[in-house]
Amino acid sequence: MTAAAAGAAPIIELDGVHKSYDFGRGAVHALRGVDLRIAAGEWIAIMGPSGAGKTTLLEILGCLSRPSAGRYRLRGRAVDALGADDLAQVRGEAIGFVFQSFNLLPRLTAAENVALPLVYRRRPRRERAERAREALARVGLEARAGHRPSELSGGERQRVAIARALVNRPALLLADEPTGNLDSATSEEILGLLRTLHAEGNAVVLVTHDVAIGRRAGRLVTIRDGRIESDRNQGTET
Amino acid sequence: MSGLGAVREAAATLRAHKGRALLTLFGIVWGTASVILLTGWGDGVRIMMERGFFKTGRNLGEAWAGRVSEEFSPAVDRRWLWFTSADLAALRGRVKLSELVGGEAWEWAAATHRGRTRNVDLRGVDPEAIAIRGIDVAAGRPITRTDLDHRRRVVVLGDQVRRTLLGPHGGVGSWIRLDGRPFEVVGLLAPVGVQLSQDRMLIDEQTWAPLSTVQALWPRDWTEDPVVTKILFRIRDRNDVAIAKQEVRAILAERLRVAPDDDEAVGIFSPIEMLNRFPLDETRGLLFVLAATTLGVGGIGVLSMMLDAVHQRRQEIGIRLAVGATRRDILGLFFFETLAITGAGGFAGALLGVASTWALGRLDAPDLVPVPVLQIPIVFVAIGVMGGVGILAGLWPAWRASRVDPAITLRME
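Pasting the structure below:
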């Protein structure tokens, strides 16, 4: 899988990406020159110690944040120079996020949460409902469509979040510690779901602390102090 | 997001944050209502003062004769002066800046009715003086020209005189004696109440009889002429009070053969000058500042509540941005929310302001309590300002929040 993918045209090209934050007590350098290429359909785990810049890298990949320096091309389009609204559009069309803390809106039902990205792409109400139902069916939660997050278990919430990430059929699925808040059985369930989605052709990039999860990814990228320390293909274990 | 969707979303959010929405609502309602009421009150104070000062006659001027001033005459020759009916007629014929000229002859008389006696402020009046005073007759009729022509012995009683002299049973048709002479009560004056300007007794304490009757029955021992104690005139235009006084003084000074600038010889007073001296503009200005401050405080309240609302919902903003919402979408979300609160608050506040203005107008103490005057443009200004402040207060923090990278917003949980 990764071997084939490596030969394909990359959907993501990062060149010399830096990211620094200025919180008033001097700049914090989260990324110090990252080069990374990701092809369609890859399964990549990003690992590294706390504060290494994993989440920052994922945020830049997901256009949630812009690089302070360096170039970022997503499907051939330079996104590092895009304005806030264009970036929002890119996020809505090309990227699905799964967060450690689910990040569902508590006042919306599962179906409404899943349909939220479609709201911002101005899809008609009927289409939103239809696609939200499909996405919930893919994560096995169609029966829970009318429930609010507080009425769902942790695993169910994460599955709703995954359905939301899928609903726009994104080229890239980004997951930040998606199992960090779940017990091991539920974690397996969520990973199984992500693997299924990967098998269906989605590129998946996930940040994890869990060595077992990292080992099972098609490609393992480790970063330390804002730089890529190692980047190796691990075969087709998935 | 579609407009309708945004409205629905806003409604759901407001339901979810009832307490905060209600507090914000209260601030706006209070601010809007205060502005309407306070500015209305500013006008009410003016009207109350005008009413109070004009109780003795709208645009009234009064002239009386005194003594030749020392500046114009040696001390030994300081003549006492008086007006006569001829002076009154002359003034009436020549004056231009005043539209009505009337005369009053003043006396103190012992009034008796069925064994009750009291001293009354008796005034011989003519129809012009009655017209200038502008007091309604509650029962019977006023003193007429015919009464004057025939020197009839008829009186019209002030409200307080009626109560204390006639008692509960007397009224029009009763007879009273003034210094022993019988007079028929032909009319009763409506109660006048609090006056901000007054000569000798309050109008409620006065007894009016025909001018010619009083002049004939209470003659002066120093002259045969029919004496007029006070000449009343109504100034056509309030703004001309100074030159209208000057005109009257010039005519009367010529009649009395005194210097036209001897204000001890011819005294002239107008309540208009007192009214003009009252700091009405300052009062209205103060109330306006109060109103504006209230509105400002309301605006700050809305601002702080919306800042807090946006702060509490930063994560939500981050999530929405992460799934593709643009900054305009986020602004739209808060816009409809603040629009709903400020719209409802502004409308309710306007209703409250209008209703309390109306209710205060129905209080039965208009002499003591300024009755607020509803000013429709102010209603719209108040709603507009409050709505504008509310929307800005809602949008500014949302705009700031939406400018931050969604990554940062999401991490600030």
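Protein sequence lines, in the order shown, are assigned to chains A and B. Residue 100 in my numbering is what sits at position 90 of the first sequence, and the numbering runs on without skipping anything. Residue 403 in my numbering is what sits at position 409 of the second sequence, and the numbering runs on without skipping anything. Glycine included, C-beta positions come from ideal geometry on N, C-alpha and C. Model, not experiment: these values are computed from the prediction.
- For Pro127(A), the chain B residues whose C-beta falls within less than 7 Å of its own C-beta are Val317 and Gly318, listed in chain order.
- Within the stretch 86 to 106 of chain A, the residues whose Cβ lies closer than 8 Å to some Cβ of chain B are Ala94, Asp95, Ala98, Gln99, Arg101, Gly102 and Glu103, listed in chain order.
- Pairing Ala227(A) with Leu204(A) gives a Cβ-Cβ distance that is not under 8 Å.
- Every unbroken stretch of the alpha helix (DSSP H) spanning 4 or more residues and falling wholly within the stretch 118 to 155 of chain A is given here in chain order: 120 to 130 and 135 to 148.
- In the displayed model, Gln99(A) falls within a helix according to three-state DSSP.
- Contact check for Thr223(B) against Glu98(B) passes: the beta carbons are separated by less than 8 Å.
- Remark: C-beta atoms of Ala259(B) and Leu116(B) do not approach each other more closely than 8 Å.
- Using a C-beta cut-off of 8 Å, the stretch 242 to 256 of chain B makes contact with the stretch 58 to 66 of chain B, since at least three inter-stretch Cβ pairs fall below that distance.
- In the DSSP assignment, Ile370(B) falls within the unbroken alpha helix (DSSP H) covering Ile370 to Arg397.
- Contact between Leu226(B) and Leu54(B) holds: their C-beta atoms lie close to 6 Å from each other, under 8 Å.
- When secondary structure is reduced to three states using DSSP, Ile229(B) falls in the strand class.
- Look at Leu74(A): its C-beta is under 8 Å from a C-beta on chain B.
- Using a CB distance cut-off of 8 Å, Tyr130(A) counts as an interface residue toward chain B.
- Put simply, of Gly261(B), Phe272(B), Ile335(B) and Arg86(B) the residue whose alpha carbon is nearest the alpha carbon of Gly292(B) is Ile335(B).
- When the five nearest sequence neighbours on each side are left out, the beta carbons in the same chain lying within less than 8 Å of the beta carbon of Ala139(A) are those of Ala121 and Ala125, in order along the chain.
- Inter-residue distance for Arg171(B) and Asp81(B) is about 30 Å (C-alpha atoms, whole angstroms).
- Of all residues in the stretch 9 to 20 of chain B, only Ala10 come within less than 7 Å of chain A when Cβ atoms are compared, listed by chain position.
- By the rule that beta-carbons nearer than 8 Å mark a contact, Arg308(B) does not touch chain A.
- Between Phe329(B) and Ile385(B), the C-beta gap is smaller than 8 Å, which places the two residues in contact.
- Against Arg174(A), the close residues of chain B are Val317, in the order they occur along the chain (beta-carbon pairs closer than 8 Å).
- Contact between the stretch 82 to 91 of chain A and the stretch 23 to 38 of chain A is present: three or more C-beta pairs spanning the two stretches fall below 8 Å.
- Taking CB atoms only, Leu327(B) has no neighbour in chain A less than 8 Å away.
- As summarised for the stretch 45 to 107 of chain B, the continuous beta strand (DSSP E) elements at least 3 residues long and confined to that stretch are 54 to 59 and 92 to 107, given in chain order.
- The C-beta distance from Thr50(B) to Ile197(B) rounds to 7 Å, short enough to fall under 8 Å.
- Collapsing the DSSP output to three states places Ile238(A) in a strand.
- Secondary structure at Ala181(A): coil, using DSSP grouped into helix, strand and coil.
- Interface flag for Asp323(B) against chain A is set, since a Cβ pair is found closer than 8 Å.
- Of the candidates Glu52(A), Leu41(A), Gly51(A) and Ala50(A), Leu41(A) places its Cα closest to the Cα of Gly58(A).
- For Phe109(A), the secondary structure class from DSSP, reduced to helix, strand or coil, is coil.
- Val155(B) sits buried, since 16 or more C-beta atoms from the chains shown fall within 10 Å of its C-beta.
- Close CB contacts of Phe263(B) within its chain, under the 6 Å cut and outside five residues either way in sequence, are with Glu56 (chain order).
- Secondary structure in the stretch 153 to 190 of chain B: the beta strand (DSSP E) runs of 3 residues or longer, each lying completely within the stretch, are 169 to 172 and 175 to 183 in chain order.
- Nearest to Trp390(B) by alpha-carbon distance, out of Leu315(B), Asp153(B), Met299(B) and Leu354(B), is Met299(B).
- For Arg179(A), same chain residues with a beta-carbon under 7 Å away, outside a window of 5 residues either side, do not exist.
- Interface residue (Cβ-Cβ distance to chain A less than 8 Å): Leu357(B) is not classified as such.
- Classified as buried, Ile124(B) has 16 or more neighbouring CB atoms from the shown chains inside 10 Å of its CB.
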